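Whatever position you read off the sequence shown (first residue = 1), add 95 for our numbering.
Ideal Cβ placement from N, Cα and C applies to all residues, glycine included.
Given the structure is predicted, the values throughout are model-derived calculations rather than measurements.
First comes the structure, then the notes that go with it.
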Amino acid sequence: MSENDTNSVPTAVELAQRLIRFNTSNPPGQELECARWLKALLDEHQIENQMLHPPGLPERANVVARVPGRGEAPPLLLQGHIDVVGVHGQRWSHDPFAAEIAGGCIWGRGAVDMKGGLTMMLHALLRARYSQNPPPGDIIFAALADEELGGQHGAAFLVREHPQLFDGVNHAFGELGGFTVHVRGHRFYPIMVAEKHICRIRVTFLGQGGHGSQIHRDTAMSRAARALRRMENRHPPFRIVEATRAMLVAMGEELSMTDGLALRMAMRPNTAGVALAMMGDEIARMLEPMFRDTITPTIIEGGRQENAVPSEVQMLLDCRLLPGSTQSDIVRQVMSIVGENAEIQVERYEDGPPTVDMTLLPYLSNLLESADPGSKAIPYMVAGGTDAKWFHELGIDTYGFTPMRLPSDLDFMAMFHGPDERIPIDALNFGAATMYEAINGYRG
96 MSENDTNSVP TAVELAQRLI RFNTSNPPGQ ELECARWLKA LLDEHQIENQ
146 MLHPPGLPER ANVVARVPGR GEAPPLLLQG HIDVVGVHGQ RWSHDPFAAE
196 IAGGCIWGRG AVDMKGGLTM MLHALLRARY SQNPPPGDII FAALADEELG
246 GQHGAAFLVR EHPQLFDGVN HAFGELGGFT VHVRGHRFYP IMVAEKHICR
296 IRVTFLGQGG HGSQIHRDTA MSRAARALRR MENRHPPFRI VEATRAMLVA
346 MGEELSMTDG LALRMAMRPN TAGVALAMMG DEIARMLEPM FRDTITPTII
396 EGGRQENAVP SEVQMLLDCR LLPGSTQSDI VRQVMSIVGE NAEIQVERYE
446 DGPPTVDMTL LPYLSNLLES ADPGSKAIPY MVAGGTDAKW FHELGIDTYG
496 FTPMRLPSDL DFMAMFHGPD ERIPIDALNF GAATMYEAIN GYRG
């Protein structure tokens, strides 16, 4: 194979389809077959790589590869996960693991979260391998297991057991950013520079059980129901962090005077609620999770017999915390909502980086605005969490950067973890090309 022959590099569409066809639903994970395919592909193209897994868990496989650069810049990390959430209980228009092409899109679980983004990274890596002008620094590609359930078998394992693989790395590209958001006729490209961190809390409601034929009041189930209603109406207070403030300022420079006023009001906690109401449901739905900690019930368990009232009902809360919020902060908020007749247990807590690094923002913004003239790139904080937190332990700052030029009629955020997940082919090709430009211009 010729060193300069790029004809053998699969297209971005081919790579994305192949990745989606591996069912890597997590739980249980089982990323091994997908990882084996990645390793074989990298071997075929003579790219240095290794497959790594936690001791005793060969099915939780990760792949790390490296393409040498010119030695003029630090290494750049491209990190993305190969596991996906499941599809149980969802109705799909297309087989979620067939990667069918319809309506100009590739359909399937992981198309946007995040096998589409991983495709962009992989395609850029393969192109760099055959380039006559290698990138300024080495490119490290990490295909990770277990992100959807916290990353312990993926990014956390690599960071703690194989940190030497990332020596000298200052920056990484990961999920989630660089996609088009259409607001009032303007095209914005949010680049993730911060993320919320996770606290999972189990609340146990207790009450008198008994026979289903009797009248029961103030049961564990009714207490849980009242707590659910309070969660709909009571929320943690507004707090505006650095990344969100920077995003609002950047958007305000582009929008109308009225919208700009609403954005300025949103920067103040005492007027943020009024500002969100002024912006309309679609924009408010996107912005509100960036303005405060969130408490979301996701699983309720109680009762095993159809004619018996349970004396215990458990509710799992998925809490997402702003940078600077602590475990004690969110526990206090939960206690104030659920009341005294409940037991609270923190099952998982992951602290996040308290500060935001925006040194690469001008570079990435220029790339996106050049690729889509008339658009505006802005910083933002993702409402969820990613593997960025683990690489931050090594001093690596991750930017959410998987570029996609999206049409205005696509509800992009609904694609995440939902049915009929899909990625427009034009957006995938746009991302692959922009990712390649990004690694070639990176100077650290």
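C-beta contact flag for residue i and residue j at 8 Å
i: G539; j: A194; result: no
i: P457; j: P418; result: no
i: Q174; j: A240; result: no
i: I177; j: I115; result: no
i: P392; j: A478; result: no
i: A367; j: F386; result: yes
i: I335; j: P364; result: yes
i: F261; j: L172; result: yes
i: A219; j: W485; result: no
i: D388; j: Q440; result: no
i: M381; j: A370; result: no
i: A466; j: F525; result: yes
i: V180; j: I491; result: no
i: M410; j: A319; result: yes
i: E435; j: V207; result: no
i: K291; j: R113; result: no
i: N121; j: E243; result: yes
i: T214; j: A527; result: yes
i: P498; j: T454; result: no
i: G203; j: E154; result: no
i: T275; j: L501; result: yes
i: P149; j: H248; result: yes
i: G199; j: P519; result: yes
Between the CA atoms of residue j and residue i - distance to the nearest angstrom
i: L358; j: I293; result: 27 Å
i: A223; j: S423; result: 47 Å
i: L489; j: G398; result: 45 Å
i: L253; j: A111; result: 24 Å
i: E349; j: H281; result: 8 Å
i: Y531; j: V108; result: 15 Å
i: N99; j: P258; result: No answer about N99 holds up, because its pLDDT of 46 lies below 50 and its placement is not dependable.
i: R161; j: P170; result: 9 Å
i: I235; j: A135; result: 17 Å
i: I394; j: D521; result: 37 Å
i: R311; j: E438; result: In the sequence as displayed, the identity of residue 311 is His instead of Arg. Cα to Cα, H311 sits roughly 21 Å from E438.
i: R279; j: M510; result: 22 Å
i: E377; j: H277; result: 10 Å
i: A341; j: M374; result: 18 Å
i: G347; j: A379; result: 15 Å
Close beta carbons around residue i, own chain, < 7 Å, minus the five adjacent residues each side
i: A338; result: V288, A289, V451, P474, Y475 and M476
i: P514; result: Q185, R186 and W187
i: H140; result: L221 and R224
i: G269; result: Q174, G175, T481, D482, A483, T493 and G495
i: A133; result: Strictly speaking, residue 133 in this sequence is Leu, with Ala absent from that position. Excluding sequence neighbours, L133 sits near V158 and A238.
i: R329; result: I432
First through last residue of the beta strand (DSSP E) which encompasses residue i
i: P474; result: K471 to V477
i: T389; result: T389 to E396
i: E327; result: First-last for E327: A315 to N328, but that is the alpha helix (DSSP H), not the beta strand (DSSP E).
i: V254; result: Taken as a continuous stretch (DSSP letters only), V254 belongs to no beta strand (DSSP E), being part of the alpha helix (DSSP H) at A250 to E256.
i: G269; result: H266 to G269
i: W202; result: C200 to W202
Enclosing alpha helix (DSSP H) for residue i [first to last residue]
i: I534; result: I520 to G536
i: M410; result: Element bounds for M410: not the alpha helix (DSSP H) but the beta strand (DSSP E), E407 to L416.
i: G347; result: E337 to G347
i: T493; result: Not the alpha helix (DSSP H): T493 falls in the beta strand (DSSP E), residues D492 to G495.
i: N461; result: L456 to A466
i: E377; result: D376 to L382
i: Q428; result: Q422 to V433
i: L114; result: A107 to I115
i: M360; result: M352 to A361
i: A483; result: A483 to H487
Close-in-space but distant-in-sequence residues of the same chain around residue i (CB under 8 Å, 5 per side omitted)
i: I286; result: G272, G273, L456, L459, S460, L463, A472, I473, P474, Y475, Y494, G495 and F496
i: M316; result: F300, G302, G397, G398, V404, P405 and V408
i: H306; result: N402, A403 and V404
i: G469; result: R282
i: R295; result: L411, L412, D413, C414, V441, E442, R443 and Y444
Proximal residues to residue i (C-beta, below 6 Å), its chain only, five neighbours per side dropped
i: A130; result: M146, A156 and V158
i: R165; result: P229 and P231
i: V433; result: V298 and A322
i: V344; result: none
i: L137; result: N144 and A160
i: P331; result: R387, D388 and Q428
i: R325; result: I432
i: G212; result: G175, E270 and T497
- Message: Ignoring anything shorter than 4 residues, give me the alpha helix (DSSP H) runs that lie fully in the stretch 210-247, in order along the chain.
- Response: 210-225
- Item | Whole runs of the beta strand (DSSP E) within the stretch 137-171, excluding any shorter than 3 residues | 143-147 and 157-162
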